[in-house]
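Heads up: the sequence lines are chains R and G, in that order. Plus 25 on top of the position in the first sequence (first one is 1) and you've got the numbering used here. Plus 1447 on top of the position in the second sequence (first one is 1) and you've got the numbering used here. Cβ atoms here follow ideal geometry from the backbone N, Cα and C, with glycine treated the same way. Just so it is clear, the structure is predicted and the values come from calculations on it, not from any experiment. Below is one structure, written out as structure tokens, with a few remarks after it.
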Amino acid sequence: MSRFSERLKSKKFIITCEIFPPKGTDLTNLLKKAKALKGIVDGVNVTDSQRAIMRISPLAVCHILKEKGLEPIFQLICRDRNRIALQSDLLGASALGIENILILSGDHPTIGDHPEAKPVYDLDPVQLLKTARVLEKGVDLAGRRLKGTPKFCLGAVANPSFEPLELQVLMMEKKVRAGAEFFQTQPIFALRTFKDFQKKVSKLEAKVIISIFLLKSLKLAQLMDEIGLKIPKEYLKRLEKAEDPLKEGMNIAVDLIKEIKNECDGVHLMALGKEEYIPEILKRANL
Amino acid sequence: MIISEQKPKEEILEMLKGKKRVFIVGCAACATKCQTGGEDEVKEMKKVLQKEGKKITGTIVLDTPCDERIMKKDLSFLPALKNSDSLLIMACGVGLQTIGKLIDRPLVPALNPLFAGTTERIGRYYEYCSLCGDCLLDKFEGLCPLTRCAKGLLNGPCGGARDGKCEVNPAPARRSGVNDEIDCVWALIYEKTKEPLKAYYEPRDYKKILMPGRRVVR
Ligand code: SF4
Ligand code: SF4
């Protein structure tokens, strides 16, 4: 069982964060950030060409992080591979000792830097979760026997700001039935959003890890607000007035974590390239 | 029907470079309904090409260029082709290739066929079916997630929709040249029924629509 999986099964608070693989093969910067996170978080998500911007394979990065003693969570999306490649990558991950997999549909190619690419979506996230569970039984989707059986700890995503919320909750229930053991959410900013969401998901048979986003500038906060993530006016004001917006962004993250940490299973920190500040944020939030 | 748009004039002229005597073929079915290859558009195209110095050896709007039987019945235009060095086809790719089976002349496509869609009104077309070979519309209250969800998600929405609109906006809107956002079909389905969010749908069987599709009954 992976360390992350053990943590999920315990009653302990879960802390994860994410790292974006670079465009290119130079991992110097990524490894520097990773080093700062070692021993501080329970899992590090490695994104899969997020925002549909082509980047180095997350499987390769997961492997390297694992070798350095971190606990990677391999993000596997449905956008770029058909069911043959998806199963193949799942087996590959398992052979590399990477058990933690976060399954999501993946941003559509049209929003990224290769808008001409053919979107695949051969399987949807629910079908992919089921597929991973099928592989664990020692057969593939075609019913053929595997030589060596993988074992996974499977997660999925949810969006607490989604309206209507009930639709998200129905989706989460379906994903749990398909095999999801944990969820990592889209970032929340408003306590109200968190409370409404938490009320609806507390009975779910899966751990729900709430994402906290580091608002490193006013501009970024405004952008997030525009794309529907509901940033409270108060935060916008605080960022506007702040002499050092990054610092204020950290203050906001710390405040939020303190507010929610006793009512949820864990937090996932999205630092958008400022991962080196994660240890400080966690420390100040008494985690 | 097959929704199509006309290729830009420059592209058509580029393809016709060096061709002097052009015969124009339109389509009385889909391309007429879309106003991309009917009588009026053929006439208009004739004028445009004449202005560019092309000789138009003749025009015809075939009933259904995609149907070989009907085409064969109406080959009265064949003599005019003798002195044409190319045919400009204002029909979809099926029409063009069917014509190609009967006529040995360079064929130039004037249209870009887009999808199987519905017509709200002229200029407003929406793709409703991707011809998947195994219709599931009974399960989704008559709304096709395979086609009308940008990711074709069968088991429910992604987390990206906002106010009932799909996360991939405005890219498809830009593509169609119309500045209106497409709906998230899952928001529409949810309004009618919650059942598809509780059921599980297996991965699709793409063997049913392997390219090139064929159906030979007799
Ligand atoms: S399920 Fe959708 S794509 Fe398939 S035949 Fe029916 S409408 Fe067309
Ligand atoms: S927003 Fe809706 S229609 Fe668009 S990709 Fe997501 S589920 Fe599909």
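Discussion item. Looking only at its chain, what residues have a beta carbon closer than 6 Å to the beta carbon of R/Gly274, apart from the 5 residues adjacent to it on each side?
Written reply: Leu239, Leu240, Lys241
Discussion item. Looking only at its chain, what residues have a beta carbon closer than 8 Å to the beta carbon of R/Lys91, apart from the 5 residues adjacent to it on each side?
Written reply: Pro97, Leu121, Gly122, Ile123
Discussion item. Is any non-hydrogen atom of ligand 1 found closer than 7 Å to the C-beta of G/Leu1600, if you look at the structure I gave you?
Written reply: no
Worksheet entry | R/Ser331 burial status per 10 Å Cβ neighbour count (16 or more: buried) | No statement about residue 331 of chain R is possible, as the shown extent of chain R runs from 26 to 312 and does not include it.
Item to complete: Could you have a look at G/Leu1561 and say whether DSSP puts it in helix, strand or coil?
Response: strand
Worksheet item: How is the alpha helix (DSSP H) around R/Pro150 delimited, first residue to last?
Response: 150-161
Item to complete: Could I get the ranges of all uninterrupted alpha helix (DSSP H) runs contained in the stretch 79-134 of chain R, with 4 residues as the minimum, in chain order?
Response: 83-92, 108-120
Fill in: Residues sharing a beta bridge with G/Gly1505, DSSP
G/Phe1470
Worksheet item: Is R/Cys178 helix, strand or coil by DSSP?
Response: strand
Worksheet item: Smallest Cα separation from R/Glu259: which of R/Gly253, R/Phe214, R/Leu154, R/Phe222?
Response: R/Phe214
Worksheet item: Where do the N-terminal and C-terminal ends of the beta strand (DSSP E) with G/Leu1535 fall, by residue?
Response: 1533-1537
Discussion item. Strictly under 8 Å for the Cβ-Cβ distance: is R/Leu127 near chain G by that measure?
Written reply: no
Discussion item. Can you list, in chain order, the residues of its chain with a C-beta nearer than 6 Å to that of G/Ala1646? Leave out the 5 residues immediately preceding and following it.
Written reply: none
Worksheet item: CB of G/Thr1594 to nearest heavy atom of ligand 4: below 7 Å?
Response: With respect to ligand 4, the structure offers nothing, as its ligand set consists of ligand 1 and ligand 2.
Worksheet item: Is it true that the stretch 67-77 of chain R meets the stretch 42-58 of chain R, where meeting means three or more beta-carbon pairs spaced less than 8 Å apart?
Response: yes
Discussion item. Here's the rule: buried if 16 or more other CB atoms are within 10 angstroms of the residue's CB, otherwise exposed. What is R/Gly291?
Written reply: buried
Worksheet item: For the alpha helix (DSSP H) that contains R/Arg32, what are its first and last residues?
Response: 28-34
Item to complete: Take G/Thr1511 and list the residues in its own chain whose beta-carbon comes closer than 6 Å to its own, dropping the five residues that flank it on each side.
Response: Ala1476, Ile1517
Discussion item. At a threshold of 7 Å, does G/Ala1597 count as lining ligand 2 (C-beta to nearest heavy atom)?
Written reply: yes
Discussion item. So, for G/Val1402: in the same chain, excluding its five sequence neighbours on each side, which residues have a beta-carbon less than 7 Å away from its beta-carbon?
Written reply: The question about residue 1402 of chain G has no answer, for chain G in this structure spans 1448 to 1665.
Worksheet entry | Short-range partners of chain G found in the stretch 246-258 of chain R, where Cβ spacing is below 8 Å | Ile252, Gly253
Item to complete: Evaluate the contact criterion for the stretch 194-204 of chain R versus the stretch 219-239 of chain R: three or more CB pairs, one atom per stretch, below 8 Å.
Response: yes
Worksheet item: Which two residues bound the contiguous beta strand (DSSP E) that contains R/Val233?
Response: 232-238
Discussion item. Measuring only the C-alpha atoms, how far is G/Glu1499 from G/Gly1484?
Written reply: 19 Å
Fill in: Buried or exposed (CB count within 10 angstroms, at least 16 for buried), R/Ser186
buried
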